[in-house]
Amino acid sequence: MEMEKEKLINGEIEEETNPVANGSPLSPTQKTVRTKLPEVEIHLYRRGKGPIDVFKSNLGGWDQDQLEVREILDKYGFKSIFAFSPGTGRGVPIRFNARNGRSMLSYKDGSVVYIDGEPQDSMIKPITKILFGLAVTTLLLTFLLKDTPEWLKKLNVSGWNFPPWVLACVVIVFTRMRKRTRDLLTKYGW
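The opening position of the sequence shown corresponds to residue 1 in the UniProt record's numbering, with each subsequent residue numbered one higher.
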């Protein structure tokens, strides 16, 4: 402090280095401008129940007016989303571009959007229903029939007793997987 006063009294002038931010010196006339990204407030419902989440989402695209649909689908595990009104219910599906994941329709900055999502199907649920049905049918057949049927005894594949319900399970699971992965099989030439 005393040193500075002495320098001022003696009339010496020292250069001050400008503060450096992000590698470039800032001058007193240089100003930084931040632009506000357009965003919408989203009230998200699952099958009409909720809202499960209320959040703000930035709009994307060239004009900054498209909703990032694929991010919402991935984050919440939905297979599709729909326009929604808490009073009347689910509306039309929100369509999006397959390449960039943005909505086809445009939205205004600051608007409130109500969305209802349809969760993805689980593979476990239909398979457990099928297996439970086959198990009940097999138990009913074993209780109703006193002796093992002759056709069941003749079904002897390479020395094993091969129960027909296992074959039925394999056929059902294969057909369900084929329906789910139709595009995958056509891609590899099936």
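In this text, a Cβ means the ideal position worked out from N, Cα and C, and glycines have one as well.
- Looking at the DSSP output, N97 shares a beta bridge with no other residue.
- The continuous stretches of beta strand (DSSP E) do not include R34, and DSSP gives it neither H nor E.
- Minimum Cα-Cα distance from P86 among the listed residues R102, P126, K49, R95 corresponds to K49.
- Here I81 is buried. Its C-beta has 16 or more other C-beta atoms within 10 Å.
- The beta carbon of R176 sits closer than 7 angstroms to the beta carbons of P126 from its chain, once the five residues preceding and following it are set aside; these are given in chain order.
- Per DSSP, the beta-bridge partners of V112 are E41.
- Using a 10 angstroms sphere on the CB of F84, the tally of other CB atoms reaches 16 or more, which defines it as buried.
- S103 is positioned such that its CB atom lies closer than 8 angstroms to that of V69.
- Minimum Cα-Cα distance from I42 among the listed residues R90, S57, R34 corresponds to S57.
- In the structure shown, the three-state DSSP call for R47 is coil.
- DSSP places D53 in the strand class (E or B) of the three-state scheme.
- The C-beta distance from Y107 to L67 rounds to 6 angstroms, short enough to fall under 8 angstroms.
- The distance from the Cβ of P51 to that of L44 is about 6 angstroms, consistent with a contact at the 8 angstroms cut-off.
- Bounds of the beta strand (DSSP E) holding S106 are 102-106.
- Contact between L59 and D53 is ruled out by a C-beta separation of about 18 angstroms, above the 8 angstroms threshold.
- By the CB criterion at 8 angstroms, R90 and D121 fall outside the cutoff.
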